[in-house]
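Structure first, commentary second.
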Amino acid sequence: MSEGESDPYDLDSGPDPAAFAAAAPEPSIDEIDGGGDDATDSEAADPPVYAVGVGPGNPEYLTPRGRRAIREADVVVGFETVVDFVADETDADLLTCGYADEADALAEFGRRVAAGDRGTAVLMGDPNHSGYQFLGKVQRTVERPVRVIPGISSLQIAASRARTPMEDTRFVTLHKSGSLDADLDRLAEAVGERHLLVLPRPFDWMPGDIAEYLLDSGADPSLDALVLERLTHDDERITRTTLGDLRDSAGGNGPDSTPYSDLSVLAVRAPVDAAD
1 MSEGESDPYD
11 LDSGPDPAAF
21 AAAAPEPSID
31 EIDGGGDDAT
41 DSEAADPPVY
51 AVGVGPGNPE
61 YLTPRGRRAI
71 READVVVGFE
81 TVVDFVADET
91 DADLLTCGYA
101 DEADALAEFG
111 RRVAAGDRGT
121 AVLMGDPNHS
131 GYQFLGKVQR
141 TVERPVRVIP
151 GISSLQIAAS
161 RARTPMEDTR
171 FVTLHKSGSL
181 DADLDRLAEA
191 VGERHLLVLP
201 RPFDWMPGDI
211 AEYLLDSGAD
221 PSLDALVLER
231 LTHDDERITR
241 TTLGDLRDSA
251 GGNGPDSTPY
261 SDLSVLAVRA
271 PVDAAD
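Read in full-length UniProt numbering, the sequence shown has 138 at position 138, and its numbers run on one by one without any break.
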């Protein structure tokens, strides 16, 4: 693929850009043109492109390393809602997109990077939790190495609010394109045995739809369920209910068909014996 080009793809037939992003480890620092360690690579002759997790949307959760990669960029690309969170952090040119014009924005980003600009892509939360499809698209667009700067994810905040330790939890993201069958099966296998933390997919797999699937798979309707919305924002809201009651909100394909925000995390708690 030529510099700056973003191939069209069909996730049902492949290739999935998330698989492309995960196909190999990042190159080591000394393999990146210009060398240097992660504290000085912004001064490299040909620095990498950065993929920065911006956190859950509250600027206090943007890491200093991520903030520096955004501040020092000449061009920043990302979905409009994500770029808006960091627009005040940089004087870079901002390339915003939605799903419809994503390929055009990435193509322009690739051209700018190929011309020598420092490029940073921004993703909500932590790219390692829900951003590998966009990460793969960025990586396929540029010919420089792409270095991920992890962020604080809403998953980490949700685990804290719901008191679901990560080591006792099955995490699945449904916030991606393509088939979700394998991901839903993983949830059904673990429900009731391990805590679940789920990133819903707006708006066809929202918390009520996930609850319905789990119940149809044999889950106990009395399991505690929490829908955690807009975490760390001023209008953060947490709904505490049961899996059975949550099912009442199943169905629909749009924002008016669900009581929950598209910025939601679903937590389903497994029973815990406090005497253990």
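Glycine is no exception: its CB is placed at the ideal position from the N, C-alpha and C atoms. What you are looking at is a predicted structure, and each value in this text was computed from that prediction instead of being measured.
Can you say whether residue i is buried or exposed, counting buried as having 16 or more other CB atoms within 10 angstroms of its CB?
i           : result
Tyr-99      : exposed
Pro-17      : buried
Asp-256     : exposed
Leu-106     : buried
Gly-66      : buried
Thr-81      : exposed
His-233     : exposed
Ala-69      : buried
Pro-64      : exposed
Ala-23      : exposed
residue 287 : Here the chain comprises residues numbered 1 to 276, so residue 287 is not present and cannot be evaluated.
Met-166     : exposed
Arg-237     : exposed
Ser-264     : buried
Ala-121     : buried
Ser-179     : exposed
Which of the three DSSP states is assigned to residue i in this structure?
i       : result
Arg-170 : strand
Thr-239 : strand
Ala-225 : strand
His-195 : strand
Whose CA, out of the options, lies closest to the CA of residue i?
i           : options                               : result
Phe-203     : Gly-119, Glu-193, Thr-258 and Pro-25  : Thr-258
Thr-173     : Pro-165, Asp-183, Glu-167 and Leu-123 : Asp-183
Val-83      : Gly-57, Glu-72 and Ala-103            : Gly-57
Asp-216     : Pro-27, Val-227 and Val-191           : Val-191
Val-142     : Leu-243, Thr-232 and Val-77           : Val-77
Ala-73      : Gly-55, Tyr-50 and Phe-85             : Tyr-50
Asp-209     : Arg-194, Val-227, Asp-235 and Glu-193 : Val-227
Arg-194     : Arg-240, Ile-152, Ser-179 and Arg-163 : Arg-163
Gln-75      : Pro-25, Glu-108 and Arg-240           : Sequence check: residue 75 is Val here, not Gln. That would be Glu-108, whose Cα lies nearest to the Cα of Val-75.
Gly-150     : Ser-261, Asp-104, Asn-128 and Asp-101 : The sequence as given places Pro at residue 150; Gly does not occur at that position. With distances taken between Cα atoms, Pro-150 lies closest to Asn-128.
Leu-187     : Leu-199, His-175 and Leu-214          : Leu-214
Arg-118     : Phe-134, Asp-126, Tyr-132 and Val-146 : Val-146
Val-198     : Gln-156, Lys-137, Ser-222 and Leu-95  : Gln-156
Asp-245     : Pro-27, Gly-116 and Ala-225           : Ala-225
residue 309 : Asp-104, Asp-126 and Ser-264          : For residue 309 there is no data in the structure shown, the boundaries of the chain being 1 and 276.
residue 279 : Gly-252, Met-124, Ala-219 and Gln-139 : Residue 279 falls outside the range modelled here, since the chain spans only 1 to 276, and no answer is possible.
Phe-134     : Ala-87, Gly-218 and Cys-97            : Cys-97
In terms of residues, what are the limits of the alpha helix (DSSP H) holding residue i?
i           : result
residue 279 : Since the displayed the chain opens at 1 and closes at 276, residue 279 lies outside it and no answer follows.
Gly-119     : Not the alpha helix (DSSP H): Gly-119 falls in the beta strand (DSSP E), residues 119 to 123.
Thr-63      : Looking at the DSSP string, Thr-63 is not in any alpha helix (DSSP H), and its letter there is neither H nor E.
Ala-114     : 102 to 114
Arg-161     : 154 to 162
Asp-209     : 207 to 216
Ala-18      : 17 to 21
Would you mind reading off the limits of the beta strand (DSSP E) that contains residue i?
i       : result
Tyr-50  : 49 to 53
Ile-149 : 146 to 149
Thr-81  : That residue, Thr-81, is in no beta strand (DSSP E); its alpha helix (DSSP H) goes 80 to 86.
Asp-93  : 93 to 97
Leu-231 : From DSSP, Leu-231 is part of no beta strand (DSSP E); its letter is neither H nor E.
Ser-264 : 264 to 268
Val-138 : Here Val-138 belongs to no beta strand (DSSP E); instead the alpha helix (DSSP H) covers 132 to 141.
So does residue i have its beta carbon nearer than 7 Å to some heavy atom of the ligand SAH?
i       : result
Asp-245 : Ligands are entirely absent from the displayed structure, and the ligand SAH is therefore not among its contents.
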